[in-house]
Amino acid sequence: MTDCRLYLITPPTLDLNSFKPLLAATLDAGDVACVQLRLKDAADDVVKRAIDALRPIVQQREVAFILNDRPDLAAAGGCDGVHVGQEDTPYAQARKIMGRDAIVGVTCHDSRHLAMVAGEDGADYVAFGAFFETATKEPKARAEPEILSWWQEMMEIPCVAIGGITVENCRVLVEAGADFLAVSGGVWNHPNGPAAAVQAFNQVIAGV
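Residue numbers for the sequence shown follow the working numbering, so the first one is 332 and each next one is one higher.
Next comes the structure, spelled out in structure tokens:
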């Protein structure tokens, strides 16, 4: 039995009216640790509206609600945390904005050095990837599952695997030691729908 859990990332574009019930049904289908709202290059007002619409759905289910890139909007909008990349707000600044009790995660691509720095700085998790081909974003690096095993031996801070993860290919990442599987298209584009995807991911995780 593994402690790995799902880390759900929203689709790149959203129609809030139709997405709200879809998100609720998806979260009700099985275990999800957190939801990251990821709206790249969207105007601040669009992000704020999405936070206000989606955060209650997520938090009412005791799931953490995390915003991508923008600690200022995350703090103002009552999010549980923020995820920052290497080109976004630096970790120390994000922590200062979010406060000591919030979740702050850091993208580390395939770099052991960046992960060690983030961990020593106090990040709540480090994210490695992309592990597979992904249509969600252009990956800056390709990571191998072995980096997850290395991290588990080195550090107690959780690690997140991201990038092209599907029900069919996720087992190797769970076996390698991923604490979380960050999934977007693998859930929202699943042929049987996102609720079925959450159930299927959790079945794979439970079987490892």
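Every residue gets a Cβ at the ideal spot worked out from N, C-alpha and C, and that includes glycine.
Quick caveat, the model's predicted, so the values are computed rather than measured.
Local Cβ density within 10 Å of residue i, reported as buried at 16 or more and exposed below that
{"i": "MET429", "result": "buried"}
{"i": "ARG502", "result": "exposed"}
{"i": "GLY450", "result": "buried"}
{"i": "LEU347", "result": "exposed"}
{"i": "GLY494", "result": "buried"}
{"i": "ASN523", "result": "exposed"}
{"i": "GLY460", "result": "buried"}
{"i": "ASP432", "result": "exposed"}
{"i": "THR344", "result": "exposed"}
{"i": "HIS444", "result": "exposed"}
{"i": "GLN367", "result": "buried"}
{"i": "PRO525", "result": "buried"}
{"i": "PRO402", "result": "buried"}
{"i": "ASP411", "result": "buried"}
{"i": "ALA374", "result": "exposed"}
{"i": "ALA356", "result": "exposed"}
Three-state class that DSSP yields for residue i in the structure shown
{"i": "ALA360", "result": "coil"}
{"i": "ASN399", "result": "strand"}
{"i": "HIS444", "result": "helix"}
{"i": "LEU345", "result": "coil"}
{"i": "PHE350", "result": "helix"}
{"i": "PHE463", "result": "coil"}
{"i": "ALA509", "result": "coil"}
{"i": "VAL503", "result": "helix"}
{"i": "VAL529", "result": "helix"}
{"i": "ARG473", "result": "coil"}
{"i": "MET332", "result": "Only weak support is given to the placement of MET332: the predicted model assigns it a pLDDT of 49, under 50, and the value that follows is read from those uncertain coordinates. DSSP places MET332 in coil when its eight states are reduced to three."}
{"i": "GLU418", "result": "coil"}
{"i": "LYS371", "result": "coil"}
{"i": "GLN390", "result": "helix"}
Bridge partners - residue i, DSSP secondary structure assignment
{"i": "VAL457", "result": "VAL437 and CYS490"}
{"i": "VAL366", "result": "LEU339 and PHE396"}
{"i": "GLY408", "result": "Bridge partners of GLY408: none, in fact."}
{"i": "VAL413", "result": "LEU398 and VAL435"}
{"i": "VAL514", "result": "LEU339"}
Residue i to residue j span [Cα, whole Å]
{"i": "GLN417", "j": "ASP455", "result": "15 Å"}
{"i": "VAL377", "j": "PRO470", "result": "25 Å"}
{"i": "ALA360", "j": "ALA531", "result": "10 Å"}
{"i": "THR341", "j": "SER442", "result": "25 Å"}
{"i": "GLY538", "j": "PRO489", "result": "20 Å"}
{"i": "LEU404", "j": "LEU370", "result": "12 Å"}
{"i": "VAL529", "j": "LEU358", "result": "8 Å"}
{"i": "ARG336", "j": "VAL413", "result": "18 Å"}
{"i": "TYR338", "j": "ARG386", "result": "15 Å"}
{"i": "ARG390", "j": "ILE478", "result": "The residue asked about is misnamed: residue 390 is Gln in this sequence, not Arg. Their Cα atoms are separated by approximately 31 Å."}
{"i": "ALA509", "j": "THR420", "result": "25 Å"}
{"i": "ASP400", "j": "ALA407", "result": "14 Å"}
{"i": "MET486", "j": "ASP452", "result": "13 Å"}
{"i": "LEU354", "j": "TYR422", "result": "29 Å"}
{"i": "ALA527", "j": "HIS521", "result": "8 Å"}
{"i": "ASN533", "j": "GLU393", "result": "17 Å"}
{"i": "HIS440", "j": "VAL535", "result": "24 Å"}
Quiz item: Should the segment 514-528 be called in touch with the segment 462-470, which here means at least 3 C-beta pairs below 8 Å?
Solution: In this structure the segment 514-528 lies against the segment 462-470, because at least three pairs of beta carbons, one per stretch, are closer than 8 Å.
Quiz prompt | At least three beta-carbon pairs within less than 8 Å, the segment 472-487 to the segment 430-437 | solution = No: fewer than three Cβ pairs fall under 8 Å.
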